[in-house]
Each structure stands twice: as C-alpha cells, then as structure tokens.
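Worksheet: the structure to be examined is printed underneath.
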Amino acid sequence: SQTIHQWPATLVQPVGSPLSLECTVEGTSNPNLYWYRQAAGRGLQLLFYSVGIGQISSEVPQNLSASRPQDRQFILSSKKLLLSDSGFYLCAWTEGTAANYGYTFGSGTRLTVV
Amino acid sequence: SQKIEQNSEALNIQEGKTATLTCNYTNYSPAYLQWYRQDPGRGPVFLLLIRENEKEKRKERLKVTFDTTLKQSLFHITASQPADSATYLCASSGGSYIPTFGRGTSLIVHP
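Going line by line, the protein sequences match chains A and B.
The first sequence begins at 365 in my numbering and counts up one residue at a time.
The second sequence begins at 432 in my numbering and counts up one residue at a time.
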C-alpha cells in the first residue's frame with residue numbers, strides 16, 4: 365500500500381535561518397506531489413506542485429522553493445525564513461490528477477518562526 | 432479563480448442526529464467536489480468525491496449531494512458520533528485541475 369512520510373513534525377526556527385522540509389512517498393511511482401500551507405483559521409494554500417522529477421510549478425511567489433530530486437521525494441526549502449512563513453505545512457500526493465483521486469496528505473510539519 | 436465558502440461557525444449537534452455541512456462555490460462550475468476530514472494537528476483525510484453529473488454519493492454513514500443550480504454541495508453524516516467531531520473541508524475544481532479548498536467547518540458532536 366502507498367504511504368507518505370513527512371518530517372519533522374514540529375520545527376521552531378529563528379527569522380533568517382534556512383529551512384528544509386522533506387516528503388517521501390512509498391508504494392507508487394510517478395506520483396503528482398504537492399506542498400500546501402495552512403495558516404491558522406485559513407484554508408489550504410497551494411505552494412508548489414510537481415508532475416515529475418525536476419518539474420516544479422510555483423503557485424505563490426515568495427521566499428520558498430521546492431525541488432524534486434527523485435521520483436518520490438519532494439523538498440520544500442527557504443534560504444531565509446520570515447515570521448510570515450509560520451504555519452502548518454502539508455505534503456500530498458495523487459496518482460494522476462486530483463480530479464480522479466483525492467489527495468493523500470502527510471501528517472504535516474508545524475513550523476514556528478521566532 | 433474559484434472561491435469556496437464554508438460556514439466558519441462550528442456546528443454543534445447531539446449524538447445520533449444527522450449533521451449537515453454546506454459548501455458553496457462561485458465563479459466556475461466545478462467538474463467535481465471533494466470532501467475531507469481534518470483532525471487537529473493532522474493532515475486532511477480524503478472522504479468522498481462527487482462529479483458534476485452525479486446528484487448524490489454515499490459511503491457508509493456519509494452522503495454528499497451536488498446541486499449545480501444552487502452552486503452548492505451538502506455533506507451529511509447520519510447517526511453522528513462524538514468520534515465524528517473534526518473539521519470538514521470542501522474542495523472544488525474550477526479553472527484548473529488543481530482543486531481549491533475551503534476553510535472548513537468544525538463539527539462537534541455532543542454525547
């Protein structure tokens with residue numbers, strides 16, 4: 365069966381520090397991968413999605429970036445964190461488009477920038 | 432872009448009753464709607480998908496309806512239980528194949 369792993373679960377980082385969140389999927393090949401952010405009391409905001417290795421689409425221009433170095437690995441990064449980057453970050457995957465299958469989300473990373 | 436509206440006020444009901452949550456969409460007539468459950472501090476869990484040519488979809492105690500005239504989807508949980516307490520998110524296609532999520536409605540089922 366397919367599983368998605370996301371880590372770390374919680375992270376407290378100072379302003380200006382770098383960030384690296386990692387997500388891996390097991391049990392499937394060539395998944396569509398996504399990074400979402402959920403701020404308190406707000407909806408899920410799509411940050412990046414990828415339909416294949418090295419293919420990244422950005423939905424929100426900001427100081428975050430994403431990479432997909434391997435088929436089932438998706439990384440969210442920042443060189444310098446801002447206070448506004450605090451939030452709940454979720455990785456997700458779909459087999460094909462989300463039109464046919466719902467998202468499978470990871471357990472999330474709670475990021476607090478101080 | 433698509434806009435999804437869900438009631439921001441929590442829905443409080445008694446155990447055993449039917450919970451009904453509403454999802455309204457604007458702009459694009461979606462090809463599908465999805466419903467998710469999210470527990471505090473956890474990622475959302477996919478529950479049901481209903482397409483534009485479907486009026487109703489059922490899964491165990493869950494039922495989803497899709498009314499393109501009203502631009503609305505209703506999510507029902509029959510015989511609700513305290514374990515059903517969670518936030519329920521609606522997501523809709525529209526404009527692109529990537530769905531847009533609502534902010535969710537909190538459901539609290541009292542024993």
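C-beta: ideal position from N, C-alpha, C; glycine also.
Close to Phe477 (chain B), with beta-carbon spacing below 9 Å, are these residues of chain A in chain order: Tyr465, Gly466, Tyr467, Thr468, Phe469. Gly416 (chain A) and Ser429 (chain A) have their C-alpha atoms roughly 16 Å apart. Two segments are said to touch when three or more pairs of C-beta atoms, one from each, lie closer than 8 Å; by this definition the region 442-461 of chain B touches the region 514-523 of chain B. Per the C-alpha coordinates, the member of A:Gly418, A:Ala404, A:Ser384 positioned closest to Pro395 (chain A) is A:Gly418.
Taking every protein chain shown into account, the CB of Leu447 (chain A) has fewer than 16 other CB atoms within 10 angstroms, so this residue is exposed. Rounded to whole angstroms, the Cβ separation of Tyr400 (chain A) and Leu383 (chain A) is 15 Å, and the two are not in contact under 8 Å. At the C-beta level, Gln437 (chain B) and Gly533 (chain B) come within 8 Å of one another.
Residue burial is scored here from C-beta neighbours: Asp498 (chain B) has fewer than 16 other C-beta atoms within 10 angstroms and is therefore classed as exposed. One alpha carbon belongs to Ala450 (chain B), the other to Val379 (chain A), and they sit about 43 Å apart. Around the C-beta of Ser442 (chain A), 16 or more other C-beta atoms lie within 10 Å, and the residue is accordingly described as buried.
In terms of Cβ geometry, Leu479 (chain B) and Lys488 (chain B) form a close pair [threshold 8 Å]. The DSSP-derived three-state label of Ser432 (chain B) is coil.
Along the region 409-429 of chain A, going in chain order, the ones with a CB nearer than 7 Å to a CB of chain B are Leu410, Tyr413. Cβ-Cβ separation between Thr458 (chain A) and Ile368 (chain A): approximately 11 Å, too far for a contact (criterion under 8 Å).
Residue environment analysis places Ser414 (chain A) among the buried positions, since at least 16 neighbouring C-beta atoms fall within 10 angstroms of its C-beta. With 16 or more other CB atoms across the displayed protein chains lying within 10 angstroms of its CB, Ala456 (chain A) is buried. Short of 6 Å from the beta carbon of Leu452 (chain B), and not among the five residues preceding or following it, lie these beta carbons of its own chain, in chain order: Phe506, Tyr519, Thr536. Interface annotation for the region 386-403 of chain A against chain B: Tyr398, Tyr400, Gln402, criterion Cβ-Cβ distance under 9 Å.
In summary, Arg432 (chain A) is buried, with 16 or more beta-carbon neighbours lying within 10 Å of its beta-carbon over all protein chains present.
With a threshold of 8 Å between beta carbons, Phe506 (chain B) makes no contact with chain A.
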